[in-house]
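Each number in the working numbering corresponds to the 1-based position in the sequence shown with 32 added. Data block below; observations after.
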Amino acid sequence: MEKKSKDNNRSPRRRIVNLLVHVILAVLAVIWLLPIVWIILTSFRAEPGAYTKTFLPKSYTINNYVKLLTDRNVLNFPRMFKNTLIIAICSCCISTSFVLSVSYSLSRMRFKMRKPYMNMAMIL
33 MEKKSKDNNR
43 SPRRRIVNLL
53 VHVILAVLAV
63 IWLLPIVWII
73 LTSFRAEPGA
83 YTKTFLPKSY
93 TINNYVKLLT
103 DRNVLNFPRM
113 FKNTLIIAIC
123 SCCISTSFVL
133 SVSYSLSRMR
143 FKMRKPYMNM
153 AMIL
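Listed below in structure tokens is the structure:
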């Protein structure tokens with residue numbers, strides 16, 4: 033006896049719902065990714081200013097990044113990046129140690145709402 037493929041078992045209504053969900057997700061992906069693409073393209077733009085008549089730059093350059101990393105008169109980016117990295121590493125280490133100690137104690141304790149609490153902690 034041959035097995036029916038998964039597509040043959042689905043009802044037409046289910047296919048329409050899946051198509052609608054995928055279209056909505058594709059639209060949301062474009063909405064969320066378009067600003068990131070615009071920022072990246074603007075960073076390589078040779079023309080001054082972020083708002084121009086065309087979406088794609090007429091010419092590309094990396095001078096913006098060179099100026100960001102070398103020109104200390106306007107913005108000391110390397111120092112700012114170092115400070116941000118130090119703060120991020122410290123806060124990650126502190127939060128990881130806190131979460132490890134709390135999760136270990138919760139795994140050893142038995143109480144009424146233990147399972148829902150652990151599920152909520154996993155979601156967060």
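Positions of the beta carbon are idealized from the N, C-alpha and C atoms, including for glycine.
Which residues bound the alpha helix (DSSP H) around residue i?
i    : result
P148 : R146 to I155
Y136 : F109 to R140
Could you give the distance in angstroms between the alpha-carbon of residue i and the alpha-carbon of residue j?
i    : j    : result
C124 : T116 : 12 Å
R111 : A61  : 34 Å
R77  : N96  : 8 Å
S129 : L138 : 14 Å
N151 : M145 : 10 Å
S135 : A120 : 22 Å
S75  : L132 : 40 Å
I94  : V59  : 31 Å
R104 : L156 : 40 Å
Would you list the residues sitting across from residue i in a DSSP beta bridge?
i   : result
R77 : Y92
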